[in-house]
Amino acid sequence: MSKVRHWREDWQRMPPYLKAVVVGSATIGGLYVVNHVEIMPLTNRRRIMFLSPEHEERLGEQAYREILSSSRLLPPSHPMSRAVTRVGRKIAQETNAPFMKWTFHVIEAKEPNAFCLPGGKVFVHSGLFKVLRNEDALAAVMFHEAAHGLARHGAEKISFSLLVYGLLALIFPDYGQISDLMVKLAVDLPFSRKLELEADSIGLRLMAQACYDPRASIQMNTSLGQLDKGSQFKYFSTHPPSAERVQALRSVGLLFLSRVRLGFLRLCDF
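Residues in the sequence shown are numbered consecutively from 1, following UniProt numbering.
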């Protein structure tokens, strides 16, 4: 409250011409933000997007080169690589997104992880295979990560951060590290979790369309949840706890709907 009071006092002491500059700048900034509101086509959700697809793709290419130069990749002939390639073909087929240049790699790493760079560069850690029961579970992970790329969640997170921290810098220029942590806990992490749940929903629909059993997503989240037990820093993870994700997946209803009820033309033997 003291900062708000201090800001009000500064505003009252400000010369009229400076107030006009501040109001004009705020108006221009507001128009800029409004002009960058778009509809996310996969979910019809409104969002702020400051980064163009071309800019995002350049960021993805840079990160891609860095990962290739710093990581040890399994050869294409490796069984893990072949499994990832099989699922990857289904991703490319079902997403039908020419702007996504899908590429799939397996990184030799113990940590169970997977991620998708802007533009469709998907990486899977070899350690992830230790907790996957079958290819359906692998598909659950890969379609989830592909959904992030397809929905341009990386660019959306950057845009959201620019908006939030820009407003903070404008209103509270000396908010400091403590407030920065509060913003991260109160704003950034919940927003990241929201995008994770959205990627779950998109990924489930796509993997079901590719004739992978979407119920494998529950099994996969349960397995990963076992690895997370005892972690004191689970709250700081951008991925929601497994129980929360499983509950959200069930609420969507995709796990228990047949292909016909989902509106697809062909049936799968789940």
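Where is the CB? At the ideal position from N, CA and C, for every residue including glycine. Quantities reported herein were computed from a predicted structural model and do not represent experimental measurements.
Give me the residue from N221, E111, M100 and E135 with the minimum Cα distance to P79.
E135
At which residues does the beta strand (DSSP E) containing R45 begin and terminate?
Taken as a continuous stretch (DSSP letters only), the beta strand (DSSP E) holding R45 covers R45 to I48.
How many angstroms separate the CA atom of G154 from the CA atom of A137?
24 Å
If you measure between the beta carbons of Q209 and E94, is that distance less than 7 Å?
Yes, the Cβ-Cβ distance between Q209 and E94 is below 7 Å.
Would you kindly report the start and end of the unbroken alpha helix (DSSP H) that includes V84?
Start and end: P79 to T95.
Since L128 contacts A114 with CB under 8 Å, what's their CB separation in whole angstroms?
6 Å
Kindly identify the DSSP beta-bridge partner or partners of H125.
I107
Candidates P98, E196 and V87: which alpha carbon is nearest H105's?
V87
Bridge partners of I39, per DSSP?
R46
Determine, using beta carbons only, whether L206 and P214 come nearer to each other than 7 Å.
The Cβ atoms of L206 and P214 do not sit closer than 7 Å to each other.
What residues are listed by DSSP as bridge partners for L73?
I107
Would you call the CB atoms of E111 and S126 closer than 7 Å?
No, the pair does not count as a contact, with Cβ atoms beyond the cut-off.
What's the gap between the Cα of K157 and the Cα of M182?
17 Å
Can you give the beta carbon distance from L197 to R152, rounded, assuming they're within the 8 Å contact cut?
Between R152 and L197 the Cβ distance is about 16 Å, and since that is not below 8 Å, they are no contact.
If distances are taken between C-alpha atoms only, which option among A243, G119, N44 and G60 comes closest to L150?
G119
Where N221 and K130 are concerned, what is the direct C-alpha to C-alpha distance, given to the nearest angstrom?
13 Å
From what residue to what residue does the beta strand (DSSP E) around A114 run?
A114 to L117
With H, G and I counted as helix, E and B as strand and the rest as coil, what does DSSP make of L132?
coil
Hey, how far is the Cα of A243 from the Cα of C116?
If I take the Cα positions, the gap works out to 23 Å.
Just the Cα atoms here: how many angstroms apart are P98 and I39?
19 Å
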